[in-house]
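Visitor: Offset between the sequence shown (1-based) and the numbering used here: plus 8.
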Amino acid sequence: MAAQRDYYQVLGVAETATTDEIKKAFRRLAKQYHPDRNPNNPQAADRFKEINEAHDVLSDADKRKKYDQLRRYGAFTGGGGGGFGGGGTRRGRTQESGGAGGAGGDFDISDLGGLGDIFSSIFGRRGAAGREAEPEEVETEVTIPFRVAALGGSVPITLGMPQVCPTCGGSGGAKGATINTCPECKGRGVVSFGQGGFAVNRPCPVCRGKGTVPSQRCPACQGSGEVRVEKRINVEVPAGVEEGARLRLKNQGPKNRGDLIVEIHVAPDRFFRREGLDLVGVVPINLAQAMLGSRIKVKTLDDKRVVLRIPAGTQHGQKFRIPGHGIEKNGRRGDMYVETHVTLPEKLSADEQEAVKNFAEKAGLKY
Ligand SMILES: [Zn+2]
Ligand SMILES: [Zn+2]
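1. Would you grab the beta carbon distance between threonine 348 and histidine 324 for me? Rounded to a whole angstrom, and I think it's under 8 Å.
2. Considering only the alpha carbon of each residue, which of Gly321, Thr322, Leu316 and Lys337 lies closest to isoleucine 330?
3. To which residues of the same chain is leucine 356 closer than 8 Å at the C-beta, ignoring the five residues directly before and after it?
4. Using DSSP with H/G/I as helix, E/B as strand and the rest coil, what is threonine 322?
5. How would you write the range of the alpha helix (DSSP H) that asparagine 60 sits in, first residue to last?
6. Which complete alpha helix (DSSP H) runs does the region 344-371 hold, if anything under 4 residues is left out?
7. Can you check which of these residues, Gln51, Asp343 and Gly184, is closest to glutamate 283 by C-alpha distance?
8. Asparagine 209 by DSSP, collapsed to three states: which one?
9. Which residue wins for smallest C-alpha separation from asparagine 259, given the options Ile269, Tyr41 and Asn188?
10. Tell me, to the nearest whole angstrom, how far the beta carbon of tyrosine 41 is from that of alanine 52; I am working on the premise that it is less than 8 Å.
11. Might you give, ordered along the chain, the residues of its own chain that have their beta carbon closer than 6 Å to the beta carbon of serine 302, omitting 5 neighbours on each side?
12. Any heavy atom of ligand 2 closer than 6 Å to the Cβ of valine 214?
13. CB of threonine 220 to nearest heavy atom of ligand 1: below 6 Å?
14. Apply the 10 Å Cβ neighbour rule to threonine 322 and answer buried if 16 or more other Cβ atoms are within range, or exposed otherwise.
15. On the CB-based measure, 16 or more other CB atoms within 10 Å of its CB, does alanine 371 come out buried or exposed?
16. Could you tell me the alpha carbon to alpha carbon distance between phenylalanine 379 and glutamate 251, rounded to whole angstroms?
17. Could you tell me the distance, in whole angstroms, from the CA atom of leucine 159 to the CA atom of histidine 273?
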């Protein structure tokens, strides 16, 4: 992940810039890189985001002060920052972090609100999953049949997901093992690093934030307290779901705590296509049906048969409406349309040719 850029550089202002100067610089740049002015330009979009982030922090006296402290510490000097090792950071929930923040200079990144994200991008995103760590989200994609998307339904998916180890119940200890205070963090679950009365906390790498270590590790999970299992989940798809929709399944993610996000893709249908809430089905008709009129049977999406009368002189691509047989969503219901496609015979016998010539003469068709 790329290192965070220096916010002062982003806005092109001096460290000593006044709030007014910051505001001015922000307005000018925001105008220049606004997505409305730069359609389909991902670089401008990134820049716009960066500018907003920088302004968000530097225009707030409190956030700016904290940012300046960290900046002095070397967190934003470009290529990765001075002395910040890898490993994961933990976001949120200070009250559970086991006495962190005792010493005057201690600094919990969750205090910074939005700035926590900056740290995520420096440290790598939520590496260690400690006991108090925010439940993670997991994303997956699924392609569903057109009919299920239109009418709604249940779609089973299977995916590997971290679950609490059933052998040790998540403790990470082997049967009969004693649970001891972690020697690395002395049970705090976090370790501080830094110097000069200023420190940043991160989850203890030895106990993974638990504060305790077993005398012998659980053989099933090697002490991590979690195992990956194939989980079968029924995704309830609402009627009328659209391509690219994202469904959030509460507590169906890792360890049944985090959420599972399912991105929906809709497979095309042989017969129907979708136009908003309307359905359009293509029906082939032959030359005689088109010229003389006919009754054709069509199936609606929910498999009802409807007889449709098409008049003499029906054209290729003409649409006929069948009211109320479209997609129902949020109390509104679309219509179904039948689009006629006229198919012509590919080869004519001598007799048939004669008949068509005859017809052409009578109808005054030149050929
Ligand atoms: Zn285990
Ligand atoms: Zn520890």
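Backbone N, C-alpha and C fix where the C-beta goes; we use that ideal spot for every residue, glycine too. Owing to the predicted nature of the structure, the values given are computational and were not obtained by experimental measurement.
Guide: Taking the coordinates as given:
1. 7 Å
2. Leu316
3. Val364
4. coil
5. 50-66
6. 358-371
7. Asp343
8. strand
9. Ile269
10. 5 Å
11. Ile318
12. yes
13. no
14. buried
15. exposed
16. A question about residue 379 goes unanswered here, because the residues of the chain that appear run from 9 up to 375.
17. 15 Å
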